[in-house]
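J.: If you read the protein sequences in the order shown, they are chains L and X. Going by the numbering used here, 380 is the number at position 179 of the first sequence; the sequence numbering is gapless. Going by the numbering used here, 474 is the number at position 273 of the second sequence; the sequence numbering is gapless. Glycine residues also receive a C-beta, built at the ideal position from the N, C-alpha and C atoms. On a predicted model such as this, the values are computed, not experimentally measured, just so you know.
Protein chains: 2
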Amino acid sequence: MGTEILSIKDKSLFLWNDSLKINDYIIANYYVETSLDPEFTAIAIAMEQSATTTLLKGFKKFNLSDSTARVISVEVMGESEEIILPQYRLKTAVYTGNYKDKGFYNCLIKIAFPIANFERSLTNLWNAVGGEITRMGFINTTRIIDIDFPENYLENFKGPLYGIKGIRDRFKIEKRPIFVRSTRPAVGLKTKEMVEIARRVLRGGFDGVKDDELTVDNSISSFKERVKKMVDMIKRVEDDTGEKKFYIANIIDDPIKTLKLAEIAVKAGVDGLLIAPAIQGLGMVREISKLTGLPVLSHNSWVEFLTRHPKFGVKENVWLKIQRISGADMIMLPGNFATEFIDRELEIECLSACFSKLGKIFPSFPVLAGGKTPEGLRDYLKRIGSGDFILIAATAVDSHPDGIEEGARRFREAWKEMEKGK
Amino acid sequence: MGTEILSIKDKSLFLWNDSLKINDYIIANYYVETSLDPEFTAIAIAMEQSATTTLLKGFKKFNLSDSTARVISVEVMGESEEIILPQYRLKTAVYTGNYKDKGFYNCLIKIAFPIANFERSLTNLWNAVGGEITRMGFINTTRIIDIDFPENYLENFKGPLYGIKGIRDRFKIEKRPIFVRSTRPAVGLKTKEMVEIARRVLRGGFDGVKDDELTVDNSISSFKERVKKMVDMIKRVEDDTGEKKFYIANIIDDPIKTLKLAEIAVKAGVDGLLIAPAIQGLGMVREISKLTGLPVLSHNSWVEFLTRHPKFGVKENVWLKIQRISGADMIMLPGNFATEFIDRELEIECLSACFSKLGKIFPSFPVLAGGKTPEGLRDYLKRIGSGDFILIAATAVDSHPDGIEEGARRFREAWKEMEKGK
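1. For the 8 Å Cβ check, are there 3 or more pairs between the segment 434-447 of chain X and the segment 412-422 of chain X?
2. Whose C-beta lies closer than 6 Å to the C-beta of Gly409(L) among residues of the same chain, with five residues either side of it excluded?
3. By the three-class DSSP mapping on this structure, what secondary structure does Val438(X) have?
4. Of the choices Lys258(X), Ile223(X), Lys429(X) and Pro478(X), whose alpha-carbon is the least far from that of Asp267(X)?
5. May I have the straight-line CA-CA distance separating Gln524(X) from Ile532(X), to the nearest angstrom?
6. Give me the Cα-Cα distance between Lys458(X) and Leu483(X), rounded to the nearest whole angstrom.
7. Answer yes or no: does any C-beta atom of chain C fall closer than 8 Å to that of Met395(X)?
8. If I follow the unbroken beta strand (DSSP E) through Phe314(L), where does it start and stop?
9. Exposed or buried, which one is Val275(X) when buried takes at least 16 other CB atoms within 10 Å?
10. For a contact defined as C-beta to C-beta under 7 Å, what are the partners of Val381(X) on chain L?
11. So what's Ala570(X) in DSSP terms, helix, strand or just coil?
12. Please report the straight-line C-alpha distance between Ile605(X) and Leu256(L), rounded to a whole angstrom.
13. Does the beta carbon of Trp503(X) come closer than 8 Å to any beta carbon on chain L?
14. Helix, strand or coil, according to DSSP, for Ile453(L) in the structure here?
15. Going by beta-carbon coordinates alone, are Lys429(L) and Ala463(L) separated by less than 8 Å?
16. Using a Cβ-Cβ cut-off of 8 Å, state whether Leu634(X) counts as contacting chain L.
17. Can you list, in chain order, the residues of its chain with a C-beta nearer than 8 Å to that of Gly332(X)? Leave out the 5 residues immediately preceding and following it.
18. Taking beta-carbon pairs under 8 Å, can you tell me which members of the segment 249-262 of chain L lie near chain X?
19. Determine, using beta carbons only, whether Trp327(X) comes closer than 8 Å to chain L.
20. According to the Cβ coordinates, are Leu309(X) and Asn230(X) closer than 8 Å?
21. Can you pull the chain X residues whose beta carbon is under 9 Å from the beta carbon of Thr542(L), in chain order?
22. Mind the definition here: the segment 258-273 of chain X touches the segment 390-401 of chain L only if three or more C-beta pairs lie below 8 Å; say whether that holds.
23. Ignore the nearest five residues each way along the sequence and tell me which others in Pro239(X)'s own chain have a CB closer than 7 Å to its CB.
24. Name the two residues that bound the continuous beta strand (DSSP E) containing Phe380(L).
25. Measuring only the C-alpha atoms, how far is Ile326(L) from Asn318(L)?
26. Residues of chain L with a CB under 7 Å from the CB of Phe319(X): which are they?
27. Return no unless some Cβ of chain X is closer than 8 Å to the Cβ of Arg509(L).
28. Which complete beta strand (DSSP E) runs does the segment 209-289 of chain X hold, if anything under 3 residues is left out?
29. Flag Pro386(X) as yes if its beta-carbon sits less than 8 Å from any beta-carbon of chain L, otherwise no.
30. Mind checking who Arg344(L) pairs with in its DSSP beta bridge?
31. Does Asn353(L) come within less than 8 Å of chain X when only Cβ atoms are used?
32. Given Tyr581(L), which residues of its chain have a CB within under 8 Å of its CB, disregarding the five upstream and five downstream residues?
33. Starting from Met619(X), trace the beta strand (DSSP E) both ways and give me its first and last residue.
34. Is it buried or exposed, Lys522(X), if we count other Cβ atoms within 10 angstroms and call 16 or more buried?
35. Quick check on the burial criterion: 16 or more other C-beta atoms within 10 angstroms. Buried or exposed for Ile285(X)?
36. Taking the straight line between their C-alpha atoms, what separation do you get for Arg271(X) and Ile209(X)?
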């Protein structure tokens, strides 16, 4: 087929114009490397991620103007030669633009997506902004670096049921960071062992315990028995210590099973639930939060496959923002957060995704994990700007020479010492 | 803390030995680039993706030997210097090995994961083999290049309800490829327009139509009305043409909504359902297939973010195999399949994932899409080795100078001409 037939018609349908209402759209910001003309690439993305086709012979003109994604801006930042994704060409309209002789244009592209195309569905929103972009053979890489939502759209989302203030009220912890340990060993423990390990850590002064994301419902430790015994233990430790304690249960599983586990967990009286949206679907946190009324922790399983490549996938703050909108009261931060290896700018963007004003949606608790120590508390506090974070610690607790109860106590003491030393 | 405390203890728990039963494990094969000693890296992966910790002071030795992931082999293929993922180091045991002075070891690593850690849950299986591997700061990149399942484990999975033979019986199509068009324009159409477009394409000789993955349940076209009218139209065209026709409805949405849409679709009498597992969760195809008894098409939304980078993520055939096990009767092939830009070896691996013996699990129909033409049929046939494929075509249908009915007819004619010309 000739280029004429294949070329993009009705380009104006895919370009922003000022007669459109900005509140009817969300705006996705992409970093894109492309071997095609940058403006053509942007239109191709808008087209493939909305109408795809606009005209059909033998049909009256369709009324698509409220449904097409629209390019707002294209900024060429530079050029590059390194191939990141294997290139290919297909015989469709979007491949008919002018190709660069060699290498790629590096661009920032802003595209507006009509809310009508996904309405209140986060799954469909995610499909609209990303679904098949990396299936376009001329794209060398793309990274979603931000998504802007109009306030009226955010009103469709309850967001975190509790947020930072609500979690603090519920868990009765003022100002300071919240200390949590994940079940370790994460697999193979009998329920009795898990309960005893958790009990000691809580007695030492930790506020909560959570199932590891790999601690499943299996024949070694059935979920039903586990949640019951953990909740019983929590009550006993609360009586012993006079402090509120909490337990977050892992309900990561196939969808119907997750709904069943959630029901069991609610009946048992757990304090929160663990979900892994990157493998359970973008909509799961919201559904579970709505169904159970419990705080939800959004775990990072498979998330770094999307976020860790600096030019590919989804920028960390975008993932965090989507988690917050979906209703995660607590969200795992990137693995390099609060280390010397992360750019301060990215740390700030991550915190902003959790804390900044986002319609009426509550802020989410950022969750720090991975080799965190009592000695590091001053640094974490400085980076985060307040005690509004959850710290999941295992290594430093578990390796304390006097045992895990002392290991846990050391975190609380270190915090007190730091406060006094201020 | 000193290295002694942090270093990996009980290494033997994370190494394969011949007293273990191979049928109690699945085996994941990784390509890994790492700045740490290769064997140490492999043990670190096995450890982080199973027990994490093995010993706790003040506790008797835990019985973890049936629950730990086990390194089967580590093969160093070479070295590289290019940084793919930003590196970082944390203060946990897995970071305590010997680092390479500069650059990375490129390795093939085989790890056995105990079935006990996820049992029949595909979501938890996926979490076990991939969950936090890219959260390890010394890993420069990793790609899951294969997963082997013992036959006894596969018996937990029904797989595709119909498979190739079942789909052919159901859709009454012998031997030849199955021709399908997706709704285009994909957004903004009224139901009436969709129905009329689909009707013409089916009259032209296409076997089926499907909703586009972006065609949602919204105020422009409600799902309930759409599926009813599409099914009515299918019946009329069947009466007119004397050929069986089919309609696949898009139920991609947030989880509870997807279950509701599935119910509506079943009641309306649709012929199949469209699911996007990469954004809806790995378990969704299986649940929907079980709940509805309908054929399921596994769509590629967001899949290329996982599969297209040649050294990062998940190899295409692994994704296809997981889809087949999860019950997808039809699975989208990679975007560069059947082009001059794909390695033949990868094509064969993709086909093998769909067709090869896999316990008692039926083969899945591979789905070719993206700029496919009538003229290309001979090439597709040659590459796939038989007519056992579904071809989704839009551009070549839509751009036919005599309209879409003729555009569709051209595919059937081209197939007949090709058969005669054999």
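T.: Straight from the coordinates:
1. no
2. Reading the first sequence from its first residue, position 208 is the one you call residue 409(L). Val381 and Phe447, listed in sequence order.
3. For the purposes of this step, residue 438(X) is taken as the residue at position 237 of the second sequence. Here Val438(X) sits in helix by DSSP.
4. The residue given as residue 267(X) occupies position 66 in the second sequence. That would be Ile223(X), whose Cα lies nearest to the Cα of Asp267(X).
5. Working through the second sequence from its first residue, we reach residue 524(X) at position 323. Working through the second sequence from its first residue, we reach residue 532(X) at position 331. Taking the straight line from one Cα to the other gives about 7 Å.
6. Reading the second sequence from its first residue, position 257 is the one you call residue 458(X). Reading the second sequence from its first residue, position 282 is the one you call residue 483(X). Whole-angstrom Cα-Cα distance: 17 Å.
7. Among the protein chains of the structure shown, namely L and X, there is no chain C.
8. If you number the first sequence from 1, residue 314(L) lands on position 113. Phe314(L) -> beta strand (DSSP E) spans Phe305 to Pro315.
9. The residue labelled residue 275(X) in the question sits at position 74 within the second sequence. Buried is the call here.
10. Locating residue 381(X) in the second sequence gives position 180, counting from the first residue. Residues of chain L passing the Cβ test: none, with the nearest at roughly 15 Å.
11. Mapped onto the second sequence, residue 570(X) falls at position 369. DSSP places Ala570(X) in strand when its eight states are reduced to three.
12. Here the question's residue 605(X) lines up with position 404 in the second sequence. Here the question's residue 256(L) lines up with position 55 in the first sequence. If you take the alpha carbons of Ile605(X) and Leu256(L), they lie about 11 Å apart.
13. For the purposes of this step, residue 503(X) is identified with residue 302 of the second sequence, where counting begins at 1. So, interface residue.
14. Start at 1 with the first residue of the first sequence, and residue 453(L) comes out as number 252. Of the three classes helix, strand and coil, the one that applies to Ile453(L) here is coil, per DSSP.
15. Here the question's residue 429(L) lines up with position 228 in the first sequence. Here the question's residue 463(L) lines up with position 262 in the first sequence. Not in contact: Lys429(L) and Ala463(L) (Cβ atoms no closer than 8 Å).
16. Since the first and last residues shown for chain X are 202 and 623, residue 634(X) lies out of range.
17. By 1-based counting over the second sequence, the position of residue 332(X) is 131. Once the five neighbours on either side are set aside, the close Cβ partners of Gly332(X) are Gln250.
18. Gln250, Ser251, Ala252, Thr253, Thr254, Thr255, Leu257, Lys258, Gly259 and Phe260
19. Start at 1 with the first residue of the second sequence, and residue 327(X) comes out as number 126. So yes, Trp327(X) belongs to the interface.
20. As a working mapping, residue 309(X) is identified with position 108 in the second sequence. As a working mapping, residue 230(X) is identified with position 29 in the second sequence. Yes.
21. For the purposes of this step, residue 542(L) is taken as residue 341 along the first sequence, with counting starting at 1. According to the sequence as given, residue 542(L) is Phe; it is not Thr. Result: Pro287, Gln288, Tyr289, Arg290 and Gly338.
22. yes
23. Sequence index remark: in the second sequence, residue 239(X) carries index 38 (1-based). Counting only Cβ-Cβ distances below 7 Å, and skipping sequence neighbours, we find Val275, Val277, Tyr306 and Cys308.
24. Here the question's residue 380(L) lines up with position 179 in the first sequence. Per DSSP, Phe380(L) belongs to the beta strand (DSSP E) from Ile379 to Ser383.
25. Here residue 326(L) corresponds to residue number 125 of the first sequence, with the count starting at 1. Here residue 318(L) corresponds to residue number 117 of the first sequence, with the count starting at 1. Note that residue 326(L) corresponds to Leu in the displayed sequence, not to Ile. Between Leu326(L) and Asn318(L), the C-alpha separation is close to 8 Å.
26. Within the second sequence, numbered from 1, the residue matching residue 319(X) stands at position 118. Within chain L, the residues near Phe319(X) are Val417.
27. The residue you call residue 509(L) lines up with position 308 of the first sequence. It does; some Cβ of chain X falls within 8 Å.
28. 226-235 and 271-281
29. Locating residue 386(X) in the second sequence gives position 185, where the first residue counts as 1. It does; some Cβ of chain L falls within 8 Å.
30. If you number the first sequence from 1, residue 344(L) lands on position 143. In DSSP, Arg344(L) forms a bridge with Tyr232(L) and Gly514(L).
31. Walking along the first sequence from the start, residue 353(L) turns up at place 152. Cβ-Cβ to chain X under 8 Å: no for Asn353(L).
32. In the first sequence, counting from the first residue as 1, residue 581(L) sits at position 380. Result list for Tyr581(L): Pro378, Ala539, Leu569, Lys573, Phe590 and Leu592, in chain order.
33. Numbered from 1 along the second sequence, position 418 holds the residue referred to as residue 619(X). Met619(X) -> not in any beta strand (DSSP E); alpha helix (DSSP H) instead, spanning Ile605 to Lys621.
34. Reading the second sequence from its first residue, position 321 is the one you call residue 522(X). It is buried - the Cβ of Lys522(X) has at least 16 other Cβ atoms within 10 Å.
35. Numbered from its first residue, the second sequence carries residue 285(X) at position 84. By the neighbour-count rule (16 or more Cβ atoms within 10 Å), Ile285(X) is buried.
36. Working through the second sequence from its first residue, we reach residue 271(X) at position 70. Working through the second sequence from its first residue, we reach residue 209(X) at position 8. When rounded, the distance between both Cα atoms is 14 Å.
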